[in-house]
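All remarks here apply to the structure that follows.
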Amino acid sequence: MSVKEISEHIYMIDSLALGIEKFVAVYLVVGEEKNVLIDTSYASSFHVVTDCLREVGLKPADIDYVVPTHLHLDHSGSTSKFVSISSNIMVYCHPKAVKHLVDPSKLKTSVREIYGEYATLFGEVEPIPEKNIKSVEDGEELDLGDITLRFIHTTGHAPHHISVYVEEEGALITGDALSIEHPDYPSRFPTTPPPSYNHIEAINSLKKLSKLKPKIILKPHFGEKIPTSNYFEEEIRILEEWKNNVESSINMEPEAAFEEILRKYSEKMNIKLEEIPYHFLITLKLSFLGMRKYLSRQEL
Ligand SMILES: [Zn+2]
-13 MSVKEISEHI YMIDSLALGI EKFVAVYLVV GEEKNVLIDT SYASSFHVVT
37 DCLREVGLKP ADIDYVVPTH LHLDHSGSTS KFVSISSNIM VYCHPKAVKH
87 LVDPSKLKTS VREIYGEYAT LFGEVEPIPE KNIKSVEDGE ELDLGDITLR
137 FIHTTGHAPH HISVYVEEEG ALITGDALSI EHPDYPSRFP TTPPPSYNHI
187 EAINSLKKLS KLKPKIILKP HFGEKIPTSN YFEEEIRILE EWKNNVESSI
237 NMEPEAAFEE ILRKYSEKMN IKLEEIPYHF LITLKLSFLG MRKYLSRQEL
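Residue numbering for the sequence shown follows my numbering, beginning at -13 and increasing consecutively.
Structure (structure tokens):
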């Protein structure tokens, strides 16, 4: 099953991104008057997401708003496809995301630099007309009839990142402001990718989100969590520990330093190195490179 009903108004869709289950979730919020898709997964997952919408009785053109939490293509990749089939659709995003949605050429180059050939699996991203895009301020709300969304600027993971709070349900759709949790593994993974991870802002975002005291947390990677009372403190601890780990190997060659970190993680997860799923490996590697880049910027 790729669709799961989370509540009366919220559905989780497993986009089966790159053919992998429980890798990238997107969230559908169904209001009395309007429907919103929060995150879209890769362009190559568009057909999976639209099939899932049909499963809950919606055509792709029934989506009124698309909200990519940030530009990374596992979150924003299909946005242009939704706009191309429905000219009235509005894309709500962080102010810093607007110009890259209008002209994705820099975004595509950056993705190529980071992922190389692997990026061809993500699918094609097209420019979006500016009239279909609205930037949202921190705290801005969107009324869907019987339910309200609040957009929260949560930069750190990326400077163009927002999270979405479904007020009446106390549900927080986090984007990548929080760690990665896989339902089948015990550990939480930090997600601190290049090129723009900012540690101070990531910690501030976590503090900001903790004040909402959400009843339920909905992660793109992956699924729902009922937060414990110290959930956000634990998130901050994970990020600080990760920073210290990467910092302690900053003078080593990157490859050797990453191997050392990987070894620690496989012990922590209690699985063998060669059993770590490939998409976890890539995520960890990117988090490693992003944190290392952040740390070297601080030294300048
Ligand atoms: Zn991301």
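We treat Cβ as the ideally placed atom computed from N, Cα and C, and that holds for glycine.
Please read all numbers here as calculations on a predicted model, not as lab measurements.
Residues near ligand 1, CB to any non-hydrogen atom under 5 angstroms, in chain order? With the criterion CB distance below 5 angstroms from any heavy atom of ligand 1, the matching residues run His58 and Asp162 along the chain.
Output the distance between the C-alpha atoms of Lys279 and Leu44, rounded to the nearest integer angstrom. Here residue 279 is taken as the residue at index 293 of the sequence shown, counted from 1. Here residue 44 is taken as the residue at index 58 of the sequence shown, counted from 1. Approximately 43 angstroms, taken between the alpha carbons.
Indicate the three-state DSSP secondary structure (helix, strand or coil) for Val52 in the structure shown. Position 66 of the sequence shown holds residue 52. Strand, per DSSP.
At which residue ranges does the segment 8 to 55 contain complete alpha helix (DSSP H) runs of 4 or more residues, listed in the order of the chain? Within the segment 8 to 55, the complete alpha helix (DSSP H) segments of 4 residues or longer fall at 32 to 41, listed in chain order.
Other residues of its chain near Val69: CB distance less than 8 angstroms, five sequence neighbours each side excluded: Taking the sequence shown and counting its residues from 1, the one referred to as residue 69 is at position 83. Contacts found: Val52, Ile75, Val77, Ile114, Pro115 and Asn118.
Would you say Leu192 reaches chain D, if we count a Cβ-Cβ gap shorter than 8 angstroms as a contact? Here there is only one protein chain, and chain D is not present.
Report the start-end ranges of each alpha helix (DSSP H) in the segment 80 to 146 that is 4 residues or longer and not cut off at the edges. 84 to 88 and 91 to 101
Give the DSSP-derived three-state secondary structure of Tyr151 in the structure shown. One-based indexing of the sequence shown puts residue 151 at position 165. Three-state result, Tyr151: strand.
Report yes or no: do three or more beta-carbon pairs, one from the segment 173 to 181 and one from the segment 263 to 283, lie closer than 8 angstroms? yes
Based on the DSSP secondary-structure assignment, which residues constitute the bridge partners of Arg174? In the sequence shown, residue 174 corresponds to position 188, counting from 1. In the DSSP output, where bridge partners are listed per residue, Arg174 has Glu167.
Neighbourhood of Lys254 by C-beta distance below 7 angstroms, restricted to the same chain and skipping five residues each side: Locating residue 254 in the sequence shown gives position 268, counting from the first residue. Answer for Lys254: Ser173, listed in chain order.
Simplified DSSP assignment, three categories, for Leu238: Here the question's residue 238 lines up with position 252 in the sequence shown. First, the amino acid is wrong: residue 238 is Met here, not Leu. In the three-state scheme derived from DSSP, where H, G and I count as helix and E and B as strand, Met238 is classed as coil.
Give me the Cα-Cα distance between Glu219 and Gln284, rounded to the nearest whole angstrom. Residue 219 sits at position 233 when you count from the first residue of the sequence shown. Residue 284 sits at position 298 when you count from the first residue of the sequence shown. Distance between the alpha carbons of Glu219 and Gln284: 24 angstroms.
Whole-angstrom C-beta distance between Leu158 and Lys20, which should lie under 8 angstroms: Residue mapping note: residue 20 aligns to position 34 of the sequence shown, counting from 1. Residue mapping note: residue 158 aligns to position 172 of the sequence shown, counting from 1. The pair is not a contact, with the Cβ atoms about 20 angstroms apart (cut-off 8 angstroms).
With C-beta atoms as the reference, is Val10 less than 8 angstroms away from Ser30? For the purposes of this step, residue 10 is identified with residue 24 of the sequence shown, where counting begins at 1. For the purposes of this step, residue 30 is identified with residue 44 of the sequence shown, where counting begins at 1. Not closer than 8 angstroms, so no.
With three or more C-beta pairs closer than 8 angstroms as the rule, is the segment 183 to 195 touching the segment 243 to 252? By the criterion of at least three beta-carbon pairs nearer than 8 angstroms, the segment 243 to 252 is not in contact with the segment 183 to 195.
Residue range of the alpha helix (DSSP H) that includes Gly276: Translated into positions along the sequence shown, residue 276 becomes position 290. Note, Gly276: alpha helix (DSSP H), Tyr264 to Glu285.
How about Leu57 and Phe108: do their beta carbons lie closer than 8 angstroms? Taking the sequence shown and counting its residues from 1, the one referred to as residue 57 is at position 71. Taking the sequence shown and counting its residues from 1, the one referred to as residue 108 is at position 122. Cβ distance not < 8 angstroms, so Leu57 and Phe108 don't count as in contact.
By alpha-carbon positions, which one of Tyr13, Leu93, Ala47 and Ser66 ends up nearest to Ser72? Along the sequence shown, one-based indexing puts residue 72 at 86. The shortest Cα separation from Ser72 among Tyr13, Leu93, Ala47 and Ser66 belongs to Ala47.
Near Ser(-7), what residues of its chain come up, given a Cβ to Cβ distance below 6 angstroms and the 5 sequence neighbours on each side ignored? Within the sequence shown, the letter at position 7 stands for residue -7. Around Ser(-7): Glu155.
Name the DSSP beta bridge partners of Glu(-9), please? For the purposes of this step, residue -9 is taken as the residue at position 5 of the sequence shown. In the DSSP assignment, Glu(-9) forms a beta bridge with Tyr(-3).
Whole angstroms is fine: what's the gap from Trp228's alpha carbon to Ser235's? Your numbering for residue 228 matches position 242 in the sequence shown. Your numbering for residue 235 matches position 249 in the sequence shown. Their backbone Cα atoms lie some 11 angstroms apart in a straight line.
Report buried or exposed for Ile54, applying the criterion of at least 16 other Cβ atoms within 10 angstroms of its Cβ. Locating residue 54 in the sequence shown gives position 68, where the first residue counts as 1. Per the sequence shown, residue 54 should be read as Pro rather than Ile. So Pro54 counts as buried.
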